[in-house]
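Asker:
Structure follows, in structure tokens:
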């Protein structure tokens, strides 16, 4: 499958988020380099690098991230920026 646009990705993630909230279910989505707007739709994020977990984040209030694996206080909004640190 070819890459889809950021706008289409945002719409898909937004609809999945709505379904997860209304059905109180967990939905797992794998993305490569999502835009900050798409990334902001997620409650919890696991970032992987070469098959290993690099970071496991829980987003408490919007726009604030806490890295519970490495103990860092601030994770950049775009996960691809964060992955570049390793």
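Residue numbers (my numbering): 26 to 111. For each residue, glycine too, the CB sits at the ideal point set by N, CA and C. Model, not experiment: these values are computed from the prediction.
1. Does DSSP put residue 56 in a helix, in a strand, or in coil?
2. Please classify residue 80: is it buried, with 16 or more other beta-carbons within 10 angstroms of its beta-carbon, or exposed?
3. Return the residue from the list 82, 65, 58 that minimises the CA-CA distance to residue 39.
4. Can you tell me whether residue 82 is buried or exposed, with buried defined as 16 or more other CB within 10 angstroms of its CB?
5. Pull the bridge partners of residue 71 from the DSSP assignment, please.
6. Can you tell me the Cα-Cα spacing of residue 46 and residue 68, whole angstroms?
Answerer: Reading it off the structure:
1. Here the question's residue 56 lines up with position 31 in the chain shown. Reduced to three states, the DSSP call for residue 56 is coil.
2. By 1-based counting over the chain shown, the position of residue 80 is 55. Note on residue 80: 16 or more other CB atoms within 10 angstroms of its CB, so buried under the neighbour-count rule.
3. Translated into positions along the chain shown, residue 39 becomes position 14. With distances taken between Cα atoms, residue 39 lies closest to 65.
4. Within the chain shown, the letter at position 57 stands for residue 82. By the neighbour-count definition (other C-beta atoms within 10 Å, threshold 16), residue 82 is a buried residue.
5. Translated into the one-based positions of the chain shown, residue 71 becomes position 46. DSSP lists 81 as partners of residue 71.
6. Here residue 46 corresponds to residue number 21 of the chain shown, with the count starting at 1. Here residue 68 corresponds to residue number 43 of the chain shown, with the count starting at 1. In this structure, the alpha-carbon of residue 46 lies about 11 Å from that of residue 68.
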